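To start, the structure under review is shown below, and the notes come after it.
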Amino acid sequence: MKSGPSNRRRFLKSGVGLGAALVAGAEAGLAADDAKTPAVQPPAPDDPTKVQGRRASAYGERSRFEGAVRIPQGQSSLTPLQAMTGIITPSSLHFERHHAGVPDIDPRRHRLMIHGMVDRPLVLTMDDLKRYPSVTRIYFMECSGNGFRKRGEGTVQEAHGLTSCAEWTGVNLGLVLREAGVQAGASWIVAEGSDAAKMTRSVPLAKAMNDVLLAYGQNGEAIRPEQGYPVRMFVPGWEGNISVKWVRRIKVVDAPYQTREETSKYTDLMPTGKARQFTFEMDPKSLITFPSAGQKLQGPGFYEISGLAWSGRGAIRRVEVSTDGGRTWKDAALQSPVLPIAYTRFRYAWKWDGSEVVLQSRCTDEHGDTQPPLEALVKARGENWNYHFNAIQSWKVNKDGNVENALA
Ligand SMILES: Nc1nc2c(c(=O)[nH]1)N[C@H]1C(S)=C(S)[C@@H](COP(=O)(O)O)O[C@H]1N2
Ligand SMILES: [Mo]
């Protein structure tokens with residue numbers, strides 16, 4: 000936005016207070032960044048007990064002093080993992096991936112059709128859907144493209160921000176399919192979104208009957224438009240792409256439909272020239288979020304290393320941390336709750352002696368699956384693969400306390 004600062008000077012000159020100038024600035028369409036710069040915010044009172052506080056509000060906002068935001072990159076945006084506490088990603092910071100933008104959908108006019116190889120095809124309104132018994136589950140989601148593009152370079156947000164974890168509420172798809180009456184011989188479903196991309200993915204019937212949700216709730220309120228309002232299919236533990244947002248149609252069929260998203264995209268081209276298809280499950284992965292690239296330690300002494308671990312195949316059983324570049328590993332503490340197919344937060348008490356060190360984490364899930372070192376992963380997959388990056392991430396702590404990506 001042009002001439003933000005001079006606009007502000009003009010407002011100040013005209014004699015209005017700084018707070019009013021900011022409001023006026025926002026109305027005048029100043030760039031959001033400009034309006035949020037902490038330097039131009041009015042200071043908080045020295046003693047808040049001496050000032051009447053703000054009135055109650057209709058819809059809450061976080062403190063104006065909190066600055067962590069998603070990094071938008073056109074059709075996706077990255078969660079600030081370094082700023083997260085606990086295991087739940089607030090809906091406003093949940094990563095986004097849209098192939099044709101966020102559609103504007105009136106829930107009263109939305110319909111979900113269940114058809115194909117069923118005895119009783121259904122056309123459900125949102126009211127119909129909400130009359131079914133509901134379930135609430137905490138699940139992570141990760142785009143299968145997460146981490147690969149930069150092979151782990153940048154900050155934890157820049158390199159790995161295409162993942163989040165939320166509480167999802169909805170109806171078991173299996174319940175709705177049973178009501179429709181799945182016919183003998185059916186083995187897959189095909190789900191279609193109502194965005195301009197008409198995102199379409201095939202899901203094996205066994206998974207669809209097992210734990211897939213038709214989710215209309217996210218973190219205690221209606222699912223956000225960015226996440227699929229008014230309803231998305233949520234496929235726990237599988238690559239994010241298959242969780243079709245804004246879902247309008249589920250067809251029961253007897254074979255995968257070989258859609259764009261399962262042929263030219265979201266397949267893994269191997270060194271042999273053959274592509275792996277339907278690589279659904281997200282492998283175990285962990286990240287140290289503190290200390291991580293871009294952060295600075297204030298000097299030698301005690302620190303609690305903290306991070307997140309998850310696996311698409313179940314619960315995390317173990318997280319190990321290395322503070323010597325992978326030569327030795329020690330068990331981190333897993334913070335409860337430790338839920339299947341959800342983030343698990345880990346903590347590791349560490350005394351930094353002020354020398355240059357490389358920090359790493361490595362998780363193992365309930366099936367004994369773990370994370371490979373970067374070289375091993377690249378060797379196994381070759382140079383053409385674009386998805387399912389779960390290599391061990393290294394952060395280097397320099398003597399001055401600055402943390403940088405050890406791959407950069
Ligand atoms: N209808 C529809 N569903 C979609 C997409 C889309 O573009 N359209 N993007 C997919 C991809 S690639 C991912 S990683 C996840 C992202 O979900 P989120 O935006 O809620 O984080 O949604 C998937 N479902
Ligand atoms: Mo994705």
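Take the sequence shown: its position 151, counting from 1, is numbered 150 in numbering that gives the first Met the number 0, and each next residue is one higher. Ideal placement from N, C-alpha and C gives every residue a C-beta, glycine not left out. Quick caveat, the model's predicted, so the values are computed rather than measured.
Opening and closing residue of the alpha helix (DSSP H) in which residue i lies
i: ARG380; result: 373–380
i: TYR319; result: Residue 319 is actually Glu in this sequence, not Tyr. Taken as a continuous stretch (DSSP letters only), GLU319 belongs to no alpha helix (DSSP H), being part of the beta strand (DSSP E) at 315–321.
i: VAL122; result: Not the alpha helix (DSSP H): VAL122 falls in the beta strand (DSSP E), residues 121–123.
i: MET232; result: Careful: MET232 lies outside any alpha helix (DSSP H), inside the beta strand (DSSP E) at 231–233.
i: MET198; result: Per DSSP, MET198 belongs to no alpha helix (DSSP H) and is neither H nor E.
i: LYS49; result: No alpha helix (DSSP H) holds LYS49; DSSP gives it neither H nor E.
i: VAL155; result: 155–159
Rounded separation between residue i and residue j - CA only
i: GLU225; j: ALA195; result: 14 angstroms
i: MET198; j: GLU191; result: 6 angstroms
i: PRO106; j: VAL202; result: 25 angstroms
i: ARG316; j: LYS264; result: 32 angstroms
i: THR322; j: GLU280; result: 30 angstroms
i: ARG108; j: PHE345; result: 44 angstroms
i: PHE64; j: LYS295; result: 19 angstroms
i: ALA207; j: THR124; result: 20 angstroms
i: GLU261; j: VAL252; result: 16 angstroms
i: SER416; j: HIS97; result: Not covered by the structure: residue 416. The range shown for the chain is 0 to 407.
i: TRP351; j: ILE287; result: 15 angstroms
i: GLY52; j: GLY66; result: 22 angstroms
i: ASP408; j: GLY300; result: Since the first residue shown for the chain is 0 and the last is 407, residue 408 is missing from the structure and cannot be characterised.
Cutoff 6 angstroms; reference residue i; Cβ partners in own chain excluding five residues on either side
i: SER90; result: GLN217, ASN218, ARG223
i: PHE289; result: SER305
Among the options, nearest to residue i - alpha-carbon criterion
i: ALA341; options: ALA308, ASP368, THR327, GLN334; result: ALA308
i: ASP399; options: GLN74, GLY298, TYR138; result: GLY298
i: SER62; options: GLN334, GLN40, VAL50; result: GLN40
i: LYS273; options: ARG346, TRP384, THR327; result: TRP384
i: LEU213; options: GLY227, LEU204, GLU220; result: GLY227
i: GLU220; options: TRP187, THR135, MET208, THR278; result: THR135
i: ALA275; options: ALA375, ALA55, MET83, HIS387; result: Inspection of the sequence shows that residue 275 is occupied by Arg rather than by Ala. Checked all of ALA375, ALA55, MET83, HIS387; the closest Cα to ARG275 is HIS387.
i: PRO235; options: ASP267, TYR138, GLY300, LYS350; result: TYR138
i: TRP349; options: SER56, THR278, THR369, TRP328; result: TRP328
i: LEU204; options: GLY169, GLY160, LYS250; result: LYS250
i: THR168; options: ALA331, SER133, GLN156; result: SER133
i: TYR215; options: TYR131, SER163, LYS284; result: TYR131
Start-to-end residues for the beta strand (DSSP E) that takes in residue i
i: ARG177; result: No beta strand (DSSP E) contains ARG177, which is instead part of the alpha helix (DSSP H) from 172–179.
i: ASP364; result: 356–364
i: GLN392; result: Unbroken run through GLN392: none, as it is neither H nor E.
i: LYS295; result: Taken as a continuous stretch (DSSP letters only), LYS295 belongs to no beta strand (DSSP E), as it is neither H nor E.
i: HIS114; result: 111–115
i: LYS250; result: 246–252
Beta-carbon gap between residue i and residue j smaller than 9 angstroms
i: ASN171; j: VAL211; result: yes
i: SER393; j: VAL337; result: no
i: SER354; j: GLU238; result: no
i: LEU128; j: VAL230; result: yes
i: MET116; j: ARG248; result: no
i: ALA390; j: GLY85; result: no
i: ALA165; j: THR88; result: yes
i: SER305; j: TYR347; result: yes
i: GLY324; j: GLN370; result: no
i: GLU319; j: ARG259; result: no
i: PRO120; j: ALA179; result: yes
Own chain partners of residue i with C-beta closer than 7 angstroms, once the 5 adjacent residues on each side are dropped
i: THR154; result: GLN81, SER291, ALA292, GLY293
i: ALA314; result: VAL337, LEU338, PRO339, ASP364, GLU365
i: GLY381; result: MET269, PRO270
i: VAL122; result: ARG110, MET112
i: ALA405; result: VAL357, SER393, TRP394, LYS395
Short CB-CB distance (under 9 angstroms) between residue i and chain B
i: PHE94; result: In the structure shown, chain B cannot be found, because there is only a single protein chain.
Neighbourhood of residue i by C-beta distance below 8 angstroms, restricted to the same chain and skipping five residues each side
i: VAL246; result: LEU111, ALA190, GLU191, GLY192, SER193, LEU213, GLY227, VAL230, ARG231, MET232
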